[in-house]
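Comments concern the structure below.
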Amino acid sequence: MAELSGLPSICLCLQEFLMQSELAGKAFRKFLPLFDRVLVERCAAETVTKGGIMIPEKSQGKVLQATVVAVGSGGRGKNGEIQPVSVKVGEKVLLPEYGGTKIVLEDKDYYLFRDGDILGKYVD
632 MAELSGLPSI
642 CLCLQEFLMQ
652 SELAGKAFRK
662 FLPLFDRVLV
672 ERCAAETVTK
682 GGIMIPEKSQ
692 GKVLQATVVA
702 VGSGGRGKNG
712 EIQPVSVKVG
722 EKVLLPEYGG
732 TKIVLEDKDY
742 YLFRDGDILG
752 KYVD
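Under the numbering used here, the letters of the sequence shown match residues 632 to 755, in that order.
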């Protein structure tokens, strides 16, 4: 009977996990990252300056800002507990200049990063 006393808290935790997975699934149905991985879509590079001058593609720098499309469930810590990912679907994040795994889905480029590789997130 002592084993059943912790059941409601497990159900609530499972229900919360399913809700997060469902939200991520609605945002992006074809791919769901595992563990502490985060799938992002880089923002479009600026092609025109504030003064109206068009910037050629070769002169455009790498865009370091991205929007989170899907997140994994989290990685395991040293004590074996799952540590949730620090970003949520829809947040804007700052990426390192190099790194990430490029994934092409539905003719769009996405990048897969570890949660620890993301440098920061933008707050409204």
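Glycine included, each C-beta is placed from N, C-alpha and C at the ideal position.
| Query | Result |
| --- | --- |
| Straight-line Cα distance separating E672 from G705 | 20 Å |
| Proximity of V724 and A697 at Cβ, strictly below 8 Å | yes |
| Sufficient close CB pairs (3 or more, under 8 Å) joining the segment 675 to 695 to the segment 705 to 718 | no |
| Option in V754, G730, D755 and K661 with minimal Cα separation from R745 | G730 |
| Cβ-based burial, V699 [other Cβ within 10 Å; buried from 16] | buried |
| Straight-line Cα distance separating V754 from Q714 | 22 Å |
| Cβ-based neighbour list, G747, same chain, cut-off 8 Å, excluding 5 preceding and 5 following | D667 |
| Selection from L665, F662 and L670 that minimises the alpha carbon distance to T732 | L670 |
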